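Data block below; observations after.
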Amino acid sequence: MQSLDRLVEIDRSSPVPLYFQIAQRLQELIESGQLPPGTRLDNEMMVAEQLGLSRPTVRQAMQYLVEKGMLSRKRGVGTSVVHNRVRRKVERTSLFEDLQRAGRRPRTEVLSCEVVPAPDKVAAALGLAAGAEVLAIERLCFADDEPLAILRNHVLPDLGVTAEGLASRGLYQLLRAAKTEVKAAEQTVGARKATPEEATLLNEPADATLLKVHRTAFDGSGRPIEFGRDLYRASLYSIDISFGFD
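Numbering (our numbering), first residue to last: 739 to 984.
What follows is the structure in C-alpha cells.
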C-alpha cells in the first residue's frame with residue numbers, strides 16, 4: 739500500500755478546492771511515474787486521516803481520477819493506479835508518431851495488408867468506381883507492449899504503403915516518404931461494443947465499450963487518399979479537441 743501523507747501537501751489558504759488539490763497532485767505523481775501502474779493506495783479513511791481531511795473530500799478526489807481513467811476501484815482490492823491513458827490531439831499525425839512523441843514505445847502487428855476490390859462504402863469515400871482496387875490494411879497497435887488500438891484503413895494502392903513499412907512506421911509517415919501528405923480530414927468519433935475477436939485482441943472484457951473513429955483523409959489537391967475505421971481502448975485512450983472563440 740502506498741501512503742500519501744508525504745507525497746501530497748494541502749494549502750488550506752488556497753481558493754482551489756481541497757479535493758481538486760489532492761486530485762491534481764495525484765495526477766502529477768501518476769504522470770511522472772512516481773506512482774506507477776499497479777500501485778495500490780491506502781483506503782479513503784486512512785488517506786483522510788493522513789491528510790487531516792474529511793472522508794467525503796478524499797472520496798471526491800479519488801472519484802475524479804477514476805472518471806479520468808487514472809485510478810481503478812475494485813471491491814475487495816481497493817484503489818490502484820492504472821496505465822496512463824494516451825491522450826491524442828486532433829492533428830495530421832499517425833498514432834505511431836503520437837506515441838513516439840509521448841515517450842511511449844509503439845509497436846505494430848500487421849494483421850493483414852492486401853489489395854482488394856473496394857467495398858461500396860470505401861469506394862464512395864475515396865471517390866472510386868465500385869470494385870476498384872484498394873489496399874486494405876488491418877493493424878494491432880501497442881503502447882509499451884500493451885494493446886491499444888485496432889486500425890483498419892483503406893488507401894489508394896499506388897502510394898508506397900507496404901506491410902513491411904507499416905511494421906516499423908506510421909501510415910502517414912509512409913505516405914510522406916512517398917511524397918503524399920495528408921492535408922485535411924473529415925473525422926467522426928463515437929463508441930460501440932467490442933466483438934469477441936476485438937475484445938481478445940485488445941485484452942478487454944467481452945462486452946467492453948471501445949472508442950471508434952471513422953475518417954476520410956485528403957491530400958493537398960483535395961483528393962481522398964485514405965478511409966479509416968479505428969477502434970481504441972476507451973480505458974487507455976482519449977482524443978483532445980481544442981478550439982477558440984472570437
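Beta carbons: idealized from backbone N, C-alpha and C, even for Gly.
Bear in mind that the values here come from a model prediction, so they are computed numbers and not experimental data.
CB-CB under 8 Å to residue 865, same chain, minus the five flanking residues each way: which ones, in chain order?
Residue numbering aside, residue 865 sits at position 127 when the sequence shown is read from its first letter. Cβ within range, chain order: 961 and 962.
What did DSSP end up calling residue 968 once you bin it into helix, strand or coil?
Numbered from its first residue, the sequence shown carries residue 968 at position 230. Looking at residue 968 - three-state DSSP - the assignment turns out to be strand.
Within the same chain, show all residues whose beta-carbon is closer than 8 Å to that of residue 752, passing over the 5 residues directly before and after it, in chain order.
For the purposes of this step, residue 752 is taken as residue 14 along the sequence shown, with counting starting at 1. Cβ within range, chain order: 759.
Given this structure, state the Cα-to-Cα distance separating residue 942 from residue 815, to the nearest angstrom.
In the sequence shown, counting from the first residue as 1, residue 942 sits at position 204. In the sequence shown, counting from the first residue as 1, residue 815 sits at position 77. Taking the straight line from one Cα to the other gives about 19 Å.
If you run the structure through DSSP and keep just helix, strand and coil, what is residue 693?
Residue 693 lies beyond the range of the chain shown here (739 to 984); nothing can be said about it.
Among residues of its own chain, excluding the 5 on either side of residue 947, which ones have a beta-carbon nearer than 8 Å to its beta-carbon?
Your numbering for residue 947 matches position 209 in the sequence shown. So the qualifying residues of the chain are 929, 930, 931, 932 and 972.
Excluding the five sequence neighbours on either side, which residues of its own chain have a C-beta within less than 8 Å of the C-beta of residue 958, listed in chain order?
Mapped onto the sequence shown, residue 958 falls at position 220. Taken in chain order, the residues that qualify are 919 and 921.
Could you tell me the distance, in whole angstroms, from the CA atom of residue 852 to the CA atom of residue 892?
Within the sequence shown, residue 852 is the residue found at index 114, counting from 1. Within the sequence shown, residue 892 is the residue found at index 154, counting from 1. Whole-angstrom Cα-Cα distance: 10 Å.
Once the 5 residues before and after residue 829 are set aside, which same chain residues still bring their CB inside 6 Å of it?
One-based indexing of the sequence shown puts residue 829 at position 91. With a pLDDT of 44 at residue 829, under the threshold of 50, the modelled position of that residue is not reliable, and the figure given next carries that caveat. So no residue of the chain qualifies.
Whose C-beta lies closer than 7 Å to the C-beta of residue 945 among residues of the same chain, with five residues either side of it excluded?
On the sequence shown, residue 945 is found 207 positions in, with the first residue counted as 1. So the list reads 931, once near-sequence residues are dropped.
Where are the alpha helix (DSSP H) runs, 4 residues long or more, that stay fully inside the stretch 749-822, in chain order?
With a minimum length of 4 residues, the continuous alpha helix (DSSP H) runs that stay inside the stretch 749-822 are 756-770, 782-789 and 793-805.
Tell me where the beta strand (DSSP E) around residue 934 begins and ends.
Position 196 of the sequence shown holds residue 934. Not the beta strand (DSSP E): residue 934 falls in the alpha helix (DSSP H), residues 934-939.
Keeping to the same chain, check which residues put their C-beta closer than 6 Å to that of residue 894; ignore five residues upstream and five downstream.
Your numbering for residue 894 matches position 156 in the sequence shown. Cβ neighbours of residue 894 beyond the five flanking positions: 963.
Identify every run of the alpha helix (DSSP H) within the stretch 905-932, keeping only runs that are complete inside it and at least 4 residues long; order them along the chain.
If we require 4 residues or more, the alpha helix (DSSP H) runs fully inside the stretch 905-932 come out as 909-915.
Can you tell me where the alpha helix (DSSP H) with residue 863 in it begins and where it stops?
Position 125 of the sequence shown holds residue 863. Its alpha helix (DSSP H) spans residues 858-864.
What is the DSSP secondary structure of residue 949, reduced to helix, strand or coil?
As a first step, residue 949 is located in the sequence shown; it is residue number 211 there, counting from the start. Three-state result, residue 949: strand.
Grouping DSSP H, G and I as helix and E and B as strand, with all else coil, what is residue 833?
To locate residue 833, count along the sequence shown from 1; it is residue 95. Of the three classes helix, strand and coil, the one that applies to residue 833 here is helix, per DSSP.
Taking only the alpha-carbon atoms, compute the straight-line gap between residue 969 and residue 951 and give it to the nearest angstrom.
Within the sequence shown, numbered from 1, the residue matching residue 969 stands at position 231. Within the sequence shown, numbered from 1, the residue matching residue 951 stands at position 213. C-alpha separation (whole angstroms): 6 Å.
Here's a check: name, in chain order, each residue in its chain whose Cβ is nearer than 7 Å to the Cβ of residue 783, leaving out the five neighbours to either side.
By one-based count along the sequence shown, residue 783 stands at place 45. Counting only Cβ-Cβ distances below 7 Å, and skipping sequence neighbours, we find 793.
Could you tell me if residue 867 is buried or exposed, where buried requires 16 or more neighbouring beta carbons within 10 angstroms of its beta carbon?
Counted from its first residue, the sequence shown places residue 867 at position 129. Exposed: under 16 other Cβ atoms inside 10 Å.
Leaving aside the five residues before and after residue 797 along the sequence, list all residues of the same chain whose C-beta is less than 6 Å from its C-beta, in chain order.
Position 59 of the sequence shown holds residue 797. Here the set comprises 782.
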